Amino acid sequence: MKPDLSSLLKLSLPKKIAILLGLQLAIGAAYYYALLQPKHIQIQGKSAELEKLLIRKEEQEAIASDLPRFRDETARLQADLERVLNQLPNRAEIPNLMRAITEVGEESGLEFVRFRPASEAPKEFYAAVPVELEVIGGYHQIATFFDRVGKLPRIVTISDIDISELHNKGGELTLSAKCVATTYKFLEESERPKAADASATDKGKGKGKGKKKAGKKA
Numbered sequence: 034m035k036p037d038l039s040s041l042l043k044l045s046l047p048k049k050i051a052i053l054l055g056l057q058l059a060i061g062a063a064y065y066y067a068l069l070q071p072k073h074i075q076i077q078g079k080s081a082e083l084e085k086l087l088i089r090k091e092e093q094e095a096i097a098s099d100l101p102r103f104r105d106e107t108a109r110l111q112a113d114l115e116r117v118l119n120q121l122p123n124r125a126e127i128p129n130l131m132r133a134i135t136e137v138g139e140e141s142g143l144e145f146v147r148f149r150p151a152s153e154a155p156k157e158f159y160a161a162v163p164v165e166l167e168v169i170g171g172y173h174q175i176a177t178f179f180d181r182v183g184k185l186p187r188i189v190t191i192s193d194i195d196i197s198e199l200h201n202k203g204g205e206l207t208l209s210a211k212c213v214a215t216t217y218k219f220l221e222e223s224e225r226p227k228a229a230d231a232s233a234t235d236k237g238k239g240k241g242k243g244k245k246k247a248g249k250k251a
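The numbering used here numbers the first residue of the sequence shown as 34 and each following residue consecutively.
So this is what it looks like as structure tokens:
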């Protein structure tokens, strides 16, 4: 059906203007939804992506500015690790360290009554090597011994200290000091699984014994 132009021409001017405005709005709406809206959505997506990239750029710039500090911190931690590892003797050095402890005690004027190595306690990359000690001497001699042991190049800790008086002759007090001197040795890579297996085996044996006892009672 063709539009009746004659009837349109007969309309009043306000109606003609209203129709033109309506057509313009319809064309504008069609243009917006067909062309502009997809572009607007695309621009919003690109803007969000750009914002993420800018945030990432700022984060990377912050990391880059802190990189020298991170490198210095890493170098310091590496140096600390090497220093600690150097203080952990390996298996071959343990006898020498034990002799050093004995020499320190003798040089301090102490008499060794007991020097008995106890079972090692393996950890992640090192093992604690405790030694039960009992020495006899004066207060200052014992104090000197503990002080000198703590200053050895290798790490040695003194714990479980028990001091008792033996006798007092001529104003000279003789004491007996019992303690545990613990050093720590570095475990090679090949030793670490063995240490873990040994610990698991000991636990398994303990469980097995408990089961046998229960069987006898039944």
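For each residue, glycine too, the CB sits at the ideal point set by N, CA and C. From a predicted model like this one, the values you see are computed outputs, not experimental measurements.
Given a cut-off of 8 Å on the beta-carbon distance, is the pair residue i and residue j in contact?
| i | j | result |
| --- | --- | --- |
| Ile260 | Leu208 | No statement about residue 260 is possible, as the shown extent of the chain runs from 34 to 251 and does not include it. |
| Ala133 | Leu166 | no |
| Glu158 | Leu220 | Position check: residue 158 holds Phe in this sequence, whereas Glu was assumed. Cβ distance < 8 Å, so Phe158 and Leu220 count as in contact. |
| Met187 | Leu130 | One point to set straight first is that residue 187 is Arg, not Met, in the sequence displayed. Cβ distance < 8 Å, so Arg187 and Leu130 count as in contact. |
| Phe178 | Ser152 | no |
| Lys218 | Val162 | yes |
| Gly171 | Glu139 | no |
| Pro155 | Val164 | no |
Rounded C-beta distance between residue i and residue j? I'm assuming under 8 Å.
| i | j | result |
| --- | --- | --- |
| Ile194 | Ala210 | 7 Å |
| Ile169 | Val137 | Between Val137 and Ile169 the Cβ distance is about 15 Å, and since that is not below 8 Å, they are no contact. |
Tell me which residue opens and which closes the beta strand (DSSP E) that residue i is part of.
| i | result |
| --- | --- |
| Ala176 | Where Ala176 is concerned, there is no enclosing beta strand (DSSP E), although the alpha helix (DSSP H) it sits in stretches over 172-183. |
| Ala210 | 205-219 |
Which residues share a DSSP beta bridge with residue i?
| i | result |
| --- | --- |
| Asp193 | Answer is none; Asp193 lacks a bridge partner. |
| Arg147 | Glu167 |
| Pro155 | Ala160 |
| Val73 | Per the sequence shown, residue 73 should be read as His rather than Val. His73 is not bridged to any residue. |
| Glu198 | Leu208 |
If we require 4 or more residues per run, which alpha helix (DSSP H) segments fall completely within the segment 75-145? 127-140
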